[in-house]
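Data block below; observations after.
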Amino acid sequence: MAIVINGYEIEDAEVERELPLHQDAANPLKRAVTTLALRRILLDEAARLGLPAASEEAAIEALLAAEVQVPEPDEASCLRHYQQYPQRFTVGELVEVDHILFQITERVPLEALRELAEQSLQELLAEPTRFAELARSLSNCPSGEVGGNLGQLSRGDTVPEFERVVFAMNPGEILPRLLETRFGLHIVRVARRIEGRVLPFERVQAHIGEALQAASRDAAWRQYLQLLVGRAKIEGITLEGADSPLVQ
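Structural data, given as structure tokens:
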């Protein structure tokens, strides 16, 4: 079925040109078609308002600038954000981490792997001194050769799901549960940590303000686009909200 937006039919050639830009999406074709549909809705509104522009991108920018007003965050808002998320403004924080990785692969049944990992964890909780021994014999990470030691890590060095856990642990602590990440199942121990220091509010206020304004702008753009989607005549596609790179 043809996709028609306000009487404009999106051609297959347009989709083919757009598709390579969305290969990282879960559904590249759907994301490409959605992006083209939303772009057409925005361009139609810019034309309706008579906004002059040298290109499609310029027309969309002019439309959003004219129709969506985003106030600048005040000092109180920035301070609340600073106090709520001190870890985001902490520098010099380090943890020294050991781990044993049980990598998830198609060749090993997940339940069997989980059972082995859980059994190994219980052994280490009972005898922590065996950590290096078990890391060398069981870990699927190259760090197993050095007893599972990953060295000193700072924030941003690992995947978020691993970072959140290890930076909340105490020195000498073995996590009493398996840590699951995109790489597999981990037994984790924090050997040492170095506390960082929180940057003064004055140093980061401008950065916080920019981040808060960008978040408010994105939310306002999405709301505006949802409003335009509700007004548009759309055939051949269902636009669920306004989730598009156009407003990210």
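Counting from 148, one number per residue, gives the positions in the sequence shown under this note's numbering.
For glycine and all other residues, C-beta sits at the position ideal for the given N, C-alpha and C.
With a CB to CB cut of under 6 Å and the five nearest residues on each side skipped, what residues in its chain are close to residue 260? For this step, residue 260 is matched to residue 113 along the sequence shown. Scanning its chain for C-beta atoms nearer than 6 Å, with the 5 sequence neighbours on each side dropped, one finds around residue 260 the residues 249, in chain order.
Is the beta carbon of residue 271 sitting closer than 8 Å to the one on residue 321? Mapped onto the sequence shown, residue 271 falls at position 124. Mapped onto the sequence shown, residue 321 falls at position 174. Yes, they are a contact pair.
Starting from residue 183, trace the alpha helix (DSSP H) both ways and give me its first and last residue. Along the sequence shown, read from residue 1 onward, the residue named residue 183 stands at position 36. Taken as a continuous stretch (DSSP letters only), the alpha helix (DSSP H) holding residue 183 covers 175-195.
Buried versus exposed call for residue 158 [16 or more other C-beta atoms within 10 Å across all chains shown]: Counting from one through the sequence shown, the residue named residue 158 turns up at place 11. Label assigned to residue 158: exposed.
For residue 152, which beta-bridge partners are listed by DSSP? As a first step, residue 152 must be located in the sequence shown, where it is residue number 5. According to DSSP, which records beta bridges pairwise, residue 152 is partnered with 155, 381.
Do the stretch 319-338 and the stretch 360-369 make contact, defined as three or more Cβ pairs closer than 8 Å? No, the stretch 319-338 does not touch the stretch 360-369.
Would you list the one or two residues that DSSP bridges to residue 334? Here residue 334 refers to the residue found at position 187 when the sequence shown is read from its first residue. By DSSP's assignment, residue 334 forms a beta bridge with 247.
Residue 241 and residue 301 look like a contact to me (Cβ under 8 Å); what is the Cβ gap, rounded to whole Å? Residue numbering aside, residue 241 sits at position 94 when the sequence shown is read from its first letter. Residue numbering aside, residue 301 sits at position 154 when the sequence shown is read from its first letter. The Cβ separation is near 6 Å, so the contact holds.
Could you spell out the range, first to last residue, of the beta strand (DSSP E) harbouring residue 299? As a working mapping, residue 299 is identified with position 152 in the sequence shown. Where residue 299 is concerned, the enclosing beta strand (DSSP E) stretches over 296-300.
Pull up the CB-CB distance for residue 281 and residue 267, whole angstroms please, since I reckon it's below 8 Å. The sequence position of residue 281 within the sequence shown is 134, counting from 1. The sequence position of residue 267 within the sequence shown is 120, counting from 1. For residue 281 against residue 267, the beta-carbon gap comes to about 6 Å, under 8 Å, which counts as contact.
State yes or no: is the C-beta of residue 88 within less than 8 Å of the C-beta of residue 217? This structure cannot speak to residue 88, because the chain is shown only from 148 to 395.
Here's the rule I'm using: 16 or more other beta-carbon atoms within 10 Å means buried, otherwise exposed. How should residue 286 be labelled? The residue labelled residue 286 in the question sits at position 139 within the sequence shown. Result: buried.
At a cut of 8 Å, does the stretch 174-189 reach the stretch 372-386 through at least three beta carbon pairs? Result yes; three or more Cβ-Cβ pairs closer than 8 Å.
How close, in whole Å, do the beta carbons of residue 166 and residue 176 come, if the pair is a contact with beta carbons under 8 Å? Here residue 166 refers to the residue found at position 19 when the sequence shown is read from its first residue. Here residue 176 refers to the residue found at position 29 when the sequence shown is read from its first residue. The beta-carbon separation of residue 166 and residue 176, rounded to 7 Å, stays under the 8 Å limit for a contact.
Where does residue 346 sit, in a helix, a strand or coil, going by DSSP? Position 199 of the sequence shown, counting from 1, holds the residue named residue 346. Looking at residue 346 - three-state DSSP - the assignment turns out to be coil, as it is neither helix nor strand.
Would you give the residue range spanned by the beta strand (DSSP E) that residue 326 belongs to? Here the question's residue 326 lines up with position 179 in the sequence shown. Residues 326-328.
Just to confirm the assignment, what range does the alpha helix (DSSP H) spanning residue 312 have? Residue mapping note: residue 312 aligns to position 165 of the sequence shown, counting from 1. First-last of the alpha helix (DSSP H) with residue 312: 307-313.
Let's see if you can read the secondary structure: which residues bound the alpha helix (DSSP H) around residue 227? Residue numbering aside, residue 227 sits at position 80 when the sequence shown is read from its first letter. Residue 227: member of the alpha helix (DSSP H) spanning 222-231, first to last residue.
Evaluate the contact criterion for the stretch 195-202 versus the stretch 324-343: three or more CB pairs, one atom per stretch, below 8 Å. Between the stretch 195-202 and the stretch 324-343, the count of Cβ pairs shorter than 8 Å is below three; the stretches do not touch.
Under the three-state DSSP convention, the category residue 217 falls into: Locating residue 217 in the sequence shown gives position 70, counting from the first residue. In the structure shown, residue 217 sits in coil (DSSP, three-state: anything other than H, G, I, E or B).
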